[in-house]
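Chains as they are written, first to last, in my numbering: chain F, 1 to 437; chain R, 1001 to 1437.
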């Protein structure tokens, strides 16, 4: 096997981790592949940082295009992020016949179809294990480990920042805004946390997993995305009393009507393993028709966990040098010409169970009125929790867990309930998943 | 890609599942690899069963050697089990230049070095995802997904029968023998359950994982194996009171003195995900130096979960047809000529924390005597539970959790404690693992 020559774009957190892991574990890696992986050029706008990370052992440049155009390089590792320059760099590397490894979920979720097409035309590999759930080898599990299965659904905690925030909200009873500030102070959340807390980052990752699971092109723009900014500790506590945990889940299911592709806060029975994944950790549950439910757990972010995935992709590429494209795993699990553009269900069409919280005046007939509305819409009640009004208040919280119904039916029922004179303000609605079948 | 022609040896549970999954999901599989996998011949001593499983769609034979010697066949799937005929069949298939897929952990744990050597000489693949933890793609995770890491340890619930029994003992407070009978009635345990309940099956699987993790030949005969037959519900309950669950774990750690390779009942903090893996399910925790701890969970046995792994191996082989051996993943993760025969630590040399249960006469000075013995041996106490004597009894249970010490030190301390006049009978010792670092 000839040496695999790597060009590294970006020496931030993951880039630095990649350099460190490749250097520290080069002996083990060489014993595994009977070959060598060597970083021959590094690009970063911060040359001082690049110098510090590499210890002056490697050629440095401020110009990432110098790397993707360097004829000596076999594979480009793109760790810059974003949609614009990163896209141009990746497409240029591909045009130059180089393999690409990237951790850039945003890029692939939005421009994946174009990028994979370009790579197929040039016969090069685009590997992206690090783009989903950090160090957890979930892309490999979905593309290869479960290749015997019809995948029925995928559901995962795939954003560490929000899982950290939800865990803290539950453990310490703190409000979202306060935990967010703490998370920002600790470096678990960005200064602008929108991508994380609004579920966009999770939707990027879910988009990639869903494409692999169901053999369809990426369709990020069709994903339903709802973040955790409106979640209250009250709802987390009520859920707990009823035996549930609240997690930001990315869920994709194949149904006879279409594919569900949705990210939102979700109640999960506390007995499920995935309900007990706390802090910044990630976990993905995959249900296959043959294997049943399987779960993959680990660090979803951080320098070395993400580098673990980047380097594993490099090891695969090193081994696969000289193979024909059909001897490699398809980019998104299915051969590109075998993908089917399945319709993504609008959220109104999705079936789910629900957690509802209402504030109602404590007088006779309220409960009868609410349950009549639900019954009229064929929505069954699974559990109910009626709280006493707080000292000096006349309104009390009522929590209702429903059986499965269609979202638009639930929304119509909620509209009716909100019109009841005894109901104060809006009804809080959170979706529920049992993840059992 | 040319069609991959498969010969199937054995149509029992897993063989039947393999036929069913390959048939049912042939469209998805063909879309993934742009090729076809076809079972062209099936061998089973029970021709009527083979006829029933295959619906008369495939050539049948009672003679497994007819399959391994069939020049039309590319890959032999060995699902017969055992060490003798299975070994001859696998070696003959290899000698005939055929790839092999097997679920036979016993065969590979005991004869793996010989079999992989023979396969390397002929340049054929021997794939065995189904041999460890059924449908969980743990072999792929260890060999490929975590290839960037120095693996530090592996710990898993890798025998569904014993995990089912332990879960029932805990949930229902029933004794081992009673649950075993129930498990046999339900088909979760064999008529002769020795391989499962004595930890031998788990040790086979652990042997394979340890070889991959640490780059060493299989050394099953060096594994320490202790089953669950002597576990009492009392110990399970006391562990619970102290915040622990008891699981039969296969544990392999690389230390500076050597490799630990051991299967035994183990106390695990209840907060760990793996402590909450119940029933017949399996889970493996792998700690890598870059990725940190990762966990893989799913069905460890059963027709279709195991078939999921068998067929995934076939998909890999179909794709890899025409590749050179160096373009494939090494059998045991590391290239055969790069394996190192690391010493396996005898159990007396292993460091562990311990759960001890003693029965002591309830009189002054007993506790002082016990704690003095431990202190003299430099064994620190982490927690203690002293029970009141039952009505009408003069002896009471004392439970002690220790910090880490060497097994031989612990055993010497136990010998001293058992000599105390106030101590009745033997001290019960169960190892503990935090699985945190």
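Where a beta carbon is used, it is the ideal one built from N, C-alpha and C, also for glycine. Just so we're clear, the structure is a prediction, and the values are computed from it rather than from any experiment.
Mind checking residue i: buried by the 16 CB within 10 Å criterion, or exposed?
i                       : result
residue 238 of chain F  : buried
residue 1244 of chain R : buried
residue 177 of chain F  : exposed
residue 1201 of chain R : buried
residue 63 of chain F   : exposed
residue 135 of chain F  : buried
residue 272 of chain F  : buried
residue 1368 of chain R : exposed
residue 104 of chain F  : buried
residue 334 of chain F  : buried
residue 431 of chain F  : buried
residue 305 of chain F  : buried
residue 341 of chain F  : exposed
residue 46 of chain F   : exposed
residue 363 of chain F  : exposed
Per DSSP, residue i forms a beta bridge with which residues?
i                       : result
residue 1252 of chain R : R:1154, R:1261
residue 1395 of chain R : R:1361
residue 1294 of chain R : R:1286
residue 41 of chain F   : F:7, F:59
residue 353 of chain F  : F:432
residue 450 of chain F  : This structure does not reach residue 450 of chain F, given that chain F is present from 1 up to 437, and the question cannot be answered.
residue 1299 of chain R : R:1281
residue 1099 of chain R : R:1075
residue 224 of chain F  : F:262
residue 126 of chain F  : F:100
residue 170 of chain F  : Answer is none; residue 170 of chain F lacks a bridge partner.
residue 405 of chain F  : F:352
residue 1344 of chain R : R:1259
residue 1244 of chain R : R:1269
residue 1381 of chain R : R:1402
Hey, quick one: how far does the beta strand (DSSP E) through residue i stretch, first residue to last?
i                       : result
residue 1282 of chain R : 1281-1288
residue 272 of chain F  : Unbroken run through residue 272 of chain F: none, as it is neither H nor E.
Once the 5 residues before and after residue i are set aside, which same chain residues still bring their CB inside 7 Å of it?
i                       : result
residue 373 of chain F  : 413, 416, 417
residue 1067 of chain R : 1007, 1009, 1041, 1043, 1061, 1073, 1076
residue 291 of chain F  : 146, 149
residue 1383 of chain R : 1242, 1401
residue 1055 of chain R : none
residue 252 of chain F  : 153, 154, 206, 209, 210, 213, 259, 260, 261
So, under 8 Å CB-CB, residue i and residue j are touching, yes? Tell me the CB distance rounded to an integer number of Å.
i                       : j                       : result
residue 1298 of chain R : residue 295 of chain F  : 7 Å
residue 14 of chain F   : residue 348 of chain F  : Not confirmed; about 38 Å, so no contact.
residue 1167 of chain R : residue 1279 of chain R : 5 Å
residue 1215 of chain R : residue 1339 of chain R : 6 Å
residue 1156 of chain R : residue 1282 of chain R : 7 Å
residue 183 of chain F  : residue 189 of chain F  : 4 Å
residue 1018 of chain R : residue 1079 of chain R : 7 Å
residue 356 of chain F  : residue 423 of chain F  : Actually they are not in contact, since the Cβ atoms of residue 356 of chain F and residue 423 of chain F sit about 11 Å apart, beyond 8 Å.
residue 351 of chain F  : residue 405 of chain F  : 7 Å
Tell me the residue span of the alpha helix (DSSP H) that contains residue i.
i                       : result
residue 1049 of chain R : 1047-1054
residue 1142 of chain R : Looking at the DSSP string, residue 1142 of chain R is not in any alpha helix (DSSP H), and its letter there is neither H nor E.
residue 330 of chain F  : Premise fails: residue 330 of chain F is in no alpha helix (DSSP H) and is neither H nor E.
residue 1367 of chain R : 1366-1376
residue 1033 of chain R : 1026-1033
residue 1184 of chain R : 1176-1186
residue 1323 of chain R : Looking at the DSSP string, residue 1323 of chain R is not in any alpha helix (DSSP H), and its letter there is neither H nor E.
residue 1201 of chain R : 1200-1214
residue 218 of chain F  : Taken as a continuous stretch (DSSP letters only), residue 218 of chain F belongs to no alpha helix (DSSP H), as it is neither H nor E.
Please go through the same chain and pick out, in chain order, the residues whose beta-carbon is closer than 6 Å to the beta-carbon of residue i, but skip the five residues on each side of it.
i                       : result
residue 1386 of chain R : 1398
residue 1138 of chain R : 1132, 1284, 1296
residue 371 of chain F  : none
residue 1127 of chain R : 1101, 1313
residue 1287 of chain R : 1152, 1153, 1293
residue 300 of chain F  : 133, 134, 160, 282
residue 410 of chain F  : 354
Note down, in chain order, each residue of its chain lying with its Cβ closer than 8 Å to the Cβ of residue i, except the 5 sequence neighbours on either side.
i                       : result
residue 223 of chain F  : 203, 206, 207, 261, 262, 263, 344
residue 113 of chain F  : 217, 218
residue 1187 of chain R : none
Nearer than 8 Å: is that true of the beta carbon of residue i relative to any heavy atom of the ligand SAH?
i                       : result
residue 1167 of chain R : Among the components of this structure there are no ligands whatsoever, and the ligand SAH is therefore not found.
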